[in-house]
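In this note's numbering, the protein residues as written are 107 to 556.
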Amino acid sequence: MSNLEFQSPKGTHDVLPLDHQYHTYIKKAVRHRARQAGFKRIDPPMFEERALFERGIGDHTDVVEKELFTVSKKGADDKDNRDYALRPEFTAGICRAYIEHAMDQLPQPVELYSIGPCFRYDRPQKGRYRQFHQFNFEVIGLSDASLDAQLILMTWKILSDLQIMGRLRLQINNIGTAENRKEYVAALKDYFIGKERNLPELDQKRLETNPLRLLDSKEEDTQILLKRAPTLDQFLSDESKKYHASLLEYLDALDITYEENPLLVRGLDYYNQTVFEYWDKSTGAQNAVGGGGRYDSLIETLGGKSTPGIGFAGGIERIIWHMKESGVEAPNKDQVDVFVAQLGPEAKKKCLVLVNELRELGIHTVGALGEASLKSQMRLADRFQARYALLLGQMEVKEGTIILKDMVAGKQKAMKFEKAIPEIVKLIGEDNLDTYSIKDKLGKYADPGI
Ligand code: HAM
C-alpha cells in the first residue's frame, strides 16, 4: 500500500509525457487517414443525458446496465431534474448531434471523426480502464456495402500505419436486420427451454434480457450448449446475405484479409447487418483493439428521421500496448536541442534574450537562468539530455564571445556571441526546426498575396 494521500482514481491513468508521444503519434495517423477520406472532426460533450445512452446503446447492455458513470449534480441549485452520465462511447452523442444540427441537410454521407476520453465503470483489469481514449469514425446518411468496405479499409490502414496490423485479425459478421434477429432470438429462447438450469447464472439472466449476448459468452457451459443451438446465419434474409456477400467481395478487391465469425455480435444494441472487430491474434476475443458496425435504426430510435449509419472506434490504450509489445517507438518531438547556462547579472540578461531568440527560430531551448554554478548548470544540461549547451560566463560577456558545447561529443569551442545562433541552426539543420509554416497559419487555400 502506498502512503500517498492522493492517487489517481482506480482504473484511471495520468497520461505522462512518454505516453503522450504515443497518443500524439496515433492522433496524427488518425487525422491523416480521416482527412484523406473527407472526414471532419466533431467533439460531442463528455456527458449527455443518461436517457440518450439508455435508449441508444440499450438498457440491457453491460455498458448501460453496469458501467455508466452517473454525473452527480449535488450542490447544484437549478431545477434541472434530468440525469446525466459520462459518455461511455461517441456514437450515441454524435447521432444526437446529427439530429440536433439537422445534418441531414448536408451532402450525405456525413463523415465525422472524434478523439477523446470515454468512461466506463467496469472492474479495472489489463486493457480495461474506467477512463480510456477512443478514436471514432461515423459515416451517416447512406447504406451501401461499399461504404462499409471503405470504413474497414481506413481502420485497417491506420492499424497498419501504426505497425500493429500484423498482430491482429479482422473478424467480421453480418447480424441481419432487426426482424431477422427477432426471429432468431425466438428460436434461441425455444432451444433453451428446459436447458436454462445448465447455464451459468449470468447467462440465465442474459437469456431473459439480451439472448444474443449468449453467442459471445466466455462461459464454457454456454458455449457447449450453443454447439447444437440454431445459428444466426440460418435466419438472415436474402437481402442481408446479399449485402454481406457484396461487402466480402469489396474487401477481397481491396486485398483485406478477414475471418468470418458467425458468433460475433458486439456488446451494443444498435447494430444491424455488418459488425467487425480487430482481435489480438494470440488472445482472441478478449481486449479487441477496436470494433464497429452498421446502425441503420439508431438515429430514428433517438427521434430523428430514418437514417442509416456505420462507424468504428479504436481503443488508444490497447493500441499503445500493442505498439510497445512489438517495439514500435513513437517519435519523440520533445527533445531539448539547446541548454543555455550563464553566470552573472550581465550574462543572465543577454541569455534571457538569447533563449527567446532560439525558441522563436524553432529550437527547443531550456535555460534555468538561476544563480547556480556553471558546473551544476552543466549537470542539469546533461539530465535534460540537451544536444548542445551554450555557456556565457562573466569573461565571455567581457570578450563578446560564447562557448558552444556538443554534449554528445563532449567537445567545446568559443565563438563570437553573434555567431552562436547561425551555428546552432546549421548544426540542427533548417529542416528540423520546430516552426509553423505560413500554410499552417493561413490554411491551404489562403490568398498567397496576403
Ligand atoms: P466498443 O467495442 O464498445 O465500441 O469500444 C471500441 C474500443 O474501445 C474497444 O475495442 C476497446 O479497444 C476500447 N475500449 C472499450 N472499453 C474499454 C475500456 N474499459 N478500457 C480500455 N479500452 C476500452 C464502441 O464504443 C462503438 N461506439 C464503436 C462504434 C462507432 N460503432 C459504431 N460507431
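Even glycine gets a Cβ: it sits at the ideal position worked out from N, Cα and C.
Quiz prompt | Pro317 burial status per 10 Å Cβ neighbour count (16 or more: buried) | solution = Counted from its first residue, the sequence shown places residue 317 at position 211. It counts as buried.
Exercise. Could you say which of Ile270, Pro215, Gln113 and Ala351 lies nearest to Leu253 if we only look at CA atoms?
Key: Translated into positions along the sequence shown, residue 253 becomes position 147. Nearest option by C-alpha distance: Pro215.
Quiz item: Who are the near neighbours of Arg188 in its chain, counting only those whose CB is closer than 7 Å to its CB and skipping five residues on each side?
Solution: Counting from one through the sequence shown, the residue named residue 188 turns up at place 82. Excluding residues within five positions, the ones whose Cβ falls inside 7 Å are Glu155.
Exercise. Measure the Cβ-Cβ separation of Gln277 and Trp427 and say whether it is below 7 Å.
Key: Position 171 of the sequence shown, counted from the start, is the residue given in the question as residue 277. Position 321 of the sequence shown, counted from the start, is the residue given in the question as residue 427. Against a cut-off of 7 Å, the Cβ pair of Trp427 and Gln277 comes out as no contact.
Quiz item: When burial is assigned at 16 or more other CB atoms within 10 Å of the CB, is Met501 buried or exposed?
Solution: Stepping through the sequence shown from its first residue, residue 501 is reached at position 395. Flag for Met501 reads exposed.
Exercise. Can you grab the Cα-Cα spacing for the pair Cys457 / Arg372, in whole Å?
Key: Position 351 of the sequence shown, counted from the first residue, corresponds to residue 457. Position 266 of the sequence shown, counted from the first residue, corresponds to residue 372. Using only the alpha carbons, I get a separation of about 60 Å.
Quiz item: Considering only residues of the same chain and omitting the five flanking positions on each side of Val381, which have a CB-CB separation below 8 Å?
Solution: On the sequence shown, residue 381 is found 275 positions in, with the first residue counted as 1. Ile278, Asn279, Asn280, Ile281, Leu370, Val371, Arg372, Gly397, Gly398, Gly399 and Arg400.
Quiz item: Grouping DSSP H, G and I as helix and E and B as strand, with all else coil, what is Pro223?
Solution: On the sequence shown, residue 223 is found 117 positions in, with the first residue counted as 1. Residue state, collapsed to three classes: strand.
Exercise. Would you please state the rounded distance, in angstroms, between the beta carbons of Gly117 and Tyr235? I believe it to be under 8 Å.
Key: Here the question's residue 117 lines up with position 11 in the sequence shown. Here the question's residue 235 lines up with position 129 in the sequence shown. Indeed they touch by this definition, with Cβ atoms about 5 Å apart.
Quiz item: Do Leu593 and Val444 have their C-beta atoms within less than 7 Å of each other?
Solution: Residue 593 lies beyond the range of the chain shown here (107 to 556); nothing can be said about it.
Quiz item: Apart from the five residues just before and just after Val169, which ones in its own chain have a Cβ nearer than 8 Å to its Cβ?
Solution: Numbered from 1 along the sequence shown, position 63 holds the residue referred to as residue 169. Result list for Val169: Phe159, Ile163, Pro194, Glu195, Arg226, Gly373 and Leu374, in chain order.
Quiz prompt | Buried or exposed (CB count within 10 angstroms, at least 16 for buried), Thr389 | solution = On the sequence shown, position 283 is the one that residue 389 refers to. Exposed, since its Cβ has fewer than 16 Cβ neighbours within 10 Å.
Quiz item: Does the Cβ-Cβ distance between Lys133 and Ile221 come in under 7 Å?
Solution: In the sequence shown, residue 133 corresponds to position 27, counting from 1. In the sequence shown, residue 221 corresponds to position 115, counting from 1. Cβ atoms of Lys133 and Ile221: closer than 7 Å.
Quiz item: Are the beta-carbon atoms of Thr261 and Phe145 separated by less than 7 Å?
Solution: Here residue 261 corresponds to residue number 155 of the sequence shown, with the count starting at 1. Here residue 145 corresponds to residue number 39 of the sequence shown, with the count starting at 1. No, the Cβ-Cβ distance between Thr261 and Phe145 is not below 7 Å.
Quiz item: Is the beta carbon of Tyr235 within less than 6 Å of some heavy atom of the ligand HAM?
Solution: Position 129 of the sequence shown holds residue 235. Yes, Cβ of Tyr235 sits closer than 6 Å to a heavy atom of the ligand HAM.
Quiz prompt | Residues bridged to Tyr384 [DSSP beta-bridge criterion] | solution = As a first step, residue 384 must be located in the sequence shown, where it is residue number 278. Under DSSP, Tyr384 takes part in a beta bridge, and its partners are Leu276 and Gly396.
Exercise. Go through its chain and collect everything with a Cβ distance to Val442's Cβ below 6 Å, but skip five positions before and after it.
Key: Along the sequence shown, read from residue 1 onward, the residue named residue 442 stands at position 336. Contacts found: His470, Val472, Phe490 and Ala492.
Practice problem: Please name the residue or residues paired with Asn109 in a DSSP beta bridge. | Solution: In the sequence shown, residue 109 corresponds to position 3, counting from 1. According to DSSP, which records beta bridges pairwise, Asn109 is partnered with nothing at all.
Quiz item: The alpha helix (DSSP H) with Ala474 in it runs from where to where?
Solution: Against the sequence shown, residue 474 aligns to sequence position 368. Ala474 -> no alpha helix (DSSP H), and no H or E assigned at all.
Quiz item: With burial defined as no fewer than 16 other Cβ atoms inside 10 Å of the residue's Cβ, what is the status of Asp309: buried or exposed?
Solution: Counting from one through the sequence shown, the residue named residue 309 turns up at place 203. It counts as buried.
Self-check item: Distance CB(Gln240)-CB(Val434) smaller than 7 Å
Solution: If you number the sequence shown from 1, residue 240 lands on position 134. If you number the sequence shown from 1, residue 434 lands on position 328. Going by C-beta atoms, Gln240 is not nearer than 7 Å to Val434.
Quiz item: What are the residues that DSSP puts in a beta bridge with His239?
Solution: Walking along the sequence shown from the start, residue 239 turns up at place 133. According to DSSP, which records beta bridges pairwise, His239 is partnered with Pro223.
Exercise. Report yes if the CB atom of Phe238 is closer than 7 Å to the CB atom of Glu383, and no otherwise.
Key: Residue mapping note: residue 238 aligns to position 132 of the sequence shown, counting from 1. Residue mapping note: residue 383 aligns to position 277 of the sequence shown, counting from 1. In this structure, Phe238 lies away from Glu383, with their beta-carbon atoms at least 7 Å apart.
Quiz item: What is the residue span of the beta strand (DSSP E) that Gly415 lies within?
Solution: In the sequence shown, residue 415 corresponds to position 309, counting from 1. Where Gly415 is concerned, the enclosing beta strand (DSSP E) stretches over Gly415 to Gly421.
Quiz item: What do you reckon, is the C-beta of Ala394 under 6 Å from a heavy atom of the ligand HAM?
Solution: Position 288 of the sequence shown holds residue 394. Ala394: yes, Cβ under 6 Å from the ligand HAM.
Quiz item: Under the three-state reduction of DSSP, which class applies to Ile556: helix, strand or coil?
Solution: Against the sequence shown, residue 556 aligns to sequence position 450. Bear in mind that the predicted position of Ile556 carries a pLDDT of just 45, short of 50, making it too unreliable to give a figure here.
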